[in-house]
Amino acid sequence: MSSPSVALVHDFLVQMGGAEKVLEALHELYPQAPIYTSVYDPAVMPAEYRSWDIRTSSLQHWPARGKLHRTMLPFYPMAFEGFDLSAYDLVISSSSAFAKGVITLPHTRHVCYMHAPMRYVWMTDTYLKGERVGRFRRLLTPMLHYLRLWDQVSASRVDTYVANSTAVQQRIAKFYRREAIVVPPPVDTSRFAVSEVRGDYYIAVSRFVPYKRMDMAVDAMTRLGRPLKIVGTGRQAAELKRRAGPTVEFLGWVDNARLPELVANARAFLMPGEEDFGIAPVEANAAGRPVIAYAAGGALDTQVDGVTGVLFAPQTVEALCAAVERFEGLTFDHAAIGRHARQFDTEQFKSRIRAVIES
0 MSSPSVALVH
10 DFLVQMGGAE
20 KVLEALHELY
30 PQAPIYTSVY
40 DPAVMPAEYR
50 SWDIRTSSLQ
60 HWPARGKLHR
70 TMLPFYPMAF
80 EGFDLSAYDL
90 VISSSSAFAK
100 GVITLPHTRH
110 VCYMHAPMRY
120 VWMTDTYLKG
130 ERVGRFRRLL
140 TPMLHYLRLW
150 DQVSASRVDT
160 YVANSTAVQQ
170 RIAKFYRREA
180 IVVPPPVDTS
190 RFAVSEVRGD
200 YYIAVSRFVP
210 YKRMDMAVDA
220 MTRLGRPLKI
230 VGTGRQAAEL
240 KRRAGPTVEF
250 LGWVDNARLP
260 ELVANARAFL
270 MPGEEDFGIA
280 PVEANAAGRP
290 VIAYAAGGAL
300 DTQVDGVTGV
310 LFAPQTVEAL
320 CAAVERFEGL
330 TFDHAAIGRH
340 ARQFDTEQFK
350 SRIRAVIES
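Numbering (numbering that gives the first Met the number 0), first residue to last: 0 to 358.
What follows is the structure, given as structure tokens:
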């Protein structure tokens with residue numbers, strides 16, 4: 000019996016993140032499968048992507064594609080519906096937005112790995128909190144209404160949903176009325192080792208966007224007077240630096256060679272925002288570091304209160320301060336934390352996703 004012809008579909012290839020790590024693992028499983036995506040910028044993606052068979056939509060040639068999320072949102076549905084996938088027996092989409100909306104023929108099985116239903120469509124107030132939308136809100140409202148309707152219609156095109164966390168599984172059930180299998184995303188735990196060195200600082204690794212709530216980390220550690228190193232960049236950088244006290248240090252972008260040591264030598268990792276899954280805290284666990292996380296989203300799947308770190312609620316600076324002080328009074332088995340993280344390793348992901356696809 001011949002192997003099925005396979006295509007991979009991904010929202011866009013213009014930045015690196017957890018979704019792209021999933022795509023890399025899927026590409027390892029199906030190295031001959033072409034990758035269909037809306038737009039691809041080789042300059043900002045890893046060099047090895049240039050050897051892949053990446054097929055872009057008509058949006059690739061738009062002069063405005065550098066402002067993706069601002070100017071092109073209404074056109075993504077058309078771009079993905081325009082792909083001809085009639086030659087494939089199996090289509091695997093990696094989606095947090097539009098990739099799941101591709102149209103396939105009846106003989107084709109469509110498996111969607113869902114990072115999250117569109118945040119800006121279904122959780123608009125949370126996603127836009129802290130954003131300066133102002134006069135654009137009147138234009139935004141009808142566009143989001145259109146996208147919400149399209150998202151519900153296109154959700155029915157998927158044969159099997161795979162969610163990256165229990166929280167996303169619940170959102171798929173809520174917004175799409177569909178069941179999903181939970182398979183945690185791949186984490187390269189081998190990059191991190193438990194260190195015997197313990198620094199006096201806490202660490203946070205994040206993009207600087209409002210829903211990540213780095214403002215809470217800055218405010219809490221400024222109030223407590225404890226050292227915090229923040230790795231990341233983003234449009235909130237200037238605002239965060241303005242509100243930071245002398246104990247908060249901004250490291251900007253840190254390369255992959257240096258990051259594991261920085262994380263391994265920290266006292267604990269801070270995650271004050273609600274993540275769909277949250278790869279960075281699992282990486283911190285792989286280095287034996289406890290995680291202080293808001294008790295919501297993916298943290299409920301990856302963290303065990305009092306064992307791998309401390310969970311806190313509600314999502315306030317006061318609760319985060321109390322969690323840090325509670326953490327200071329606890330003792331952790333750092334080797335056990337490292338072992339706990341191994342269940343989320345890349346090889347575990349590939350084994351689980353293969354089992355779902357072959358079932």
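No residue lacks a Cβ here, since even glycine has one placed at the ideal position from N, Cα and C. This one's a predicted model, so the numbers in the text were calculated from it and none came from an experiment.
CA-CA distance, residue i and residue j?
i: Val181; j: Thr159; result: 11 Å
i: Met117; j: Ser95; result: 6 Å
i: Pro76; j: Tyr145; result: 10 Å
i: Gln59; j: Met15; result: 18 Å
i: Met366; j: Phe348; result: With the chain covering only 0 through 358, there is no way to say anything about residue 366.
i: Met0; j: Ala86; result: Unreliable placement is indicated for Met0, whose pLDDT of 47 sits below 50; no coordinate value is reported for it.
i: Met44; j: Thr307; result: 33 Å
i: Gln235; j: Tyr210; result: 11 Å
i: Ala175; j: Ala154; result: In the sequence as displayed, the identity of residue 175 is Tyr instead of Ala. Taking the straight line from one Cα to the other gives about 6 Å.
i: Pro226; j: Val204; result: 14 Å
i: Ser358; j: Ala283; result: 33 Å
i: Thr315; j: Arg257; result: 31 Å
i: Phe326; j: Phe343; result: 24 Å
i: Ser372; j: Leu319; result: Absent from the model: residue 372. The displayed extent of the chain is 0 to 358, so no value can be given.
i: Val5; j: Asp88; result: 6 Å
i: Asp52; j: Tyr39; result: 12 Å
i: Tyr35; j: Phe82; result: 8 Å
i: Ser37; j: Ala322; result: 42 Å
i: Met213; j: Gly287; result: 23 Å
i: His68; j: Asp10; result: Legend: pLDDT at His68 = 49, less than 50; position of this residue unreliable, value from coordinates given subsequently. One C-alpha to the other measures close to 12 Å.
i: Ala295; j: Pro41; result: 35 Å
i: Leu250; j: Val193; result: 22 Å
i: Gln151; j: Phe79; result: 15 Å
i: Glu47; j: Trp252; result: 21 Å
i: His333; j: Val13; result: 36 Å
i: Ser50; j: Ala18; result: 19 Å
i: Ile278; j: Leu143; result: 28 Å
i: Val230; j: Met113; result: 27 Å
i: Gln169; j: Arg177; result: 9 Å
i: Ala285; j: Pro313; result: 26 Å
Just reading off the alpha helix (DSSP H) that residue i is part of, what are its end residues?
i: His333; result: His333 to Ala340
i: Ile356; result: Thr345 to Glu357
i: Thr221; result: Met213 to Leu223
i: Ile171; result: Thr165 to Tyr175
i: Ala369; result: As shown, the chain starts at 0 and ends at 358. That puts residue 369 outside it, with no answer to give.
i: Val186; result: Neither: Val186 is in no alpha helix (DSSP H) and is coded neither H nor E.
i: Glu238; result: Ala236 to Arg242
i: Tyr119; result: Arg118 to Trp121
i: Ala263; result: Leu258 to Ala263
Whose C-beta lies closer than 6 Å to the C-beta of residue i among residues of the same chain, with five residues either side of it excluded?
i: Lys190; result: Here residue 190 is Arg; the residue named in the question, Lys, does not match the sequence. Around Arg190: Pro259.
i: Arg341; result: Thr188
i: Arg266; result: Tyr201
i: Lys20; result: Pro185
i: Phe276; result: Asn163, Ser164, Pro184 and Gly297
i: Val309; result: Ile291, Ala322, Arg325 and Phe326
i: Phe268; result: Ile202, Pro280, Ala283, Arg288 and Val290
i: Thr248; result: One detail in the question is off: residue 248 reads as Glu in this sequence, not Thr. Answer for Glu248: Lys228, listed in chain order.
Beta strand (DSSP E) containing residue i: first to last residue?
i: Leu89; result: Leu89 to Ser94
i: Val161; result: Thr159 to Ala162
i: Tyr112; result: Arg108 to Met113
i: Leu269; result: Phe268 to Met270
i: Ala203; result: Tyr201 to Val204
i: Ile229; result: Leu227 to Val230
i: Tyr293; result: Val290 to Tyr293
i: Leu7; result: Val5 to His9
Quick one: what's got a C-beta closer than 8 Å to residue i's C-beta in the same chain, skipping five residues either side?
i: Arg156; result: Lys99, Gly100, Val101, Ile102, Thr103 and His109
i: Val208; result: Gly233, Arg234 and Gln235
i: Thr123; result: Leu143
i: Ile352; result: Ala24, Leu25, Leu28, Tyr112, Val161 and Val182
i: Lys240; result: Phe249
Once the 5 residues before and after residue i are set aside, which same chain residues still bring their CB inside 7 Å of it?
i: Asp218; result: Arg242 and Val316
i: Leu25; result: Leu7, Ile91 and Ser93
i: Met215; result: Pro271, Val316 and Leu319
Report yes or no: is there a C-beta of chain D within less than 8 Å of the C-beta of residue i?
i: Ile180; result: Chain labels in this structure do not include chain D; a single protein chain is all it has.
Beta strand (DSSP E) runs wholly inside the stretch 298 to 322, at least 3 long, in chain order: 308 to 311
- request: Give, in chain order, every unbroken run of the alpha helix (DSSP H) that is at least 4 residues long and sits entirely within the stretch 21 to 87.
  value: Segments of the alpha helix (DSSP H) lying fully in the stretch 21 to 87: 67 to 70 and 75 to 80.
task: Decide yes or no for the touch test of the stretch 238 to 258 against the stretch 292 to 302: beta carbon pairs closer than 8 Å, at least 3 of them.
output: no
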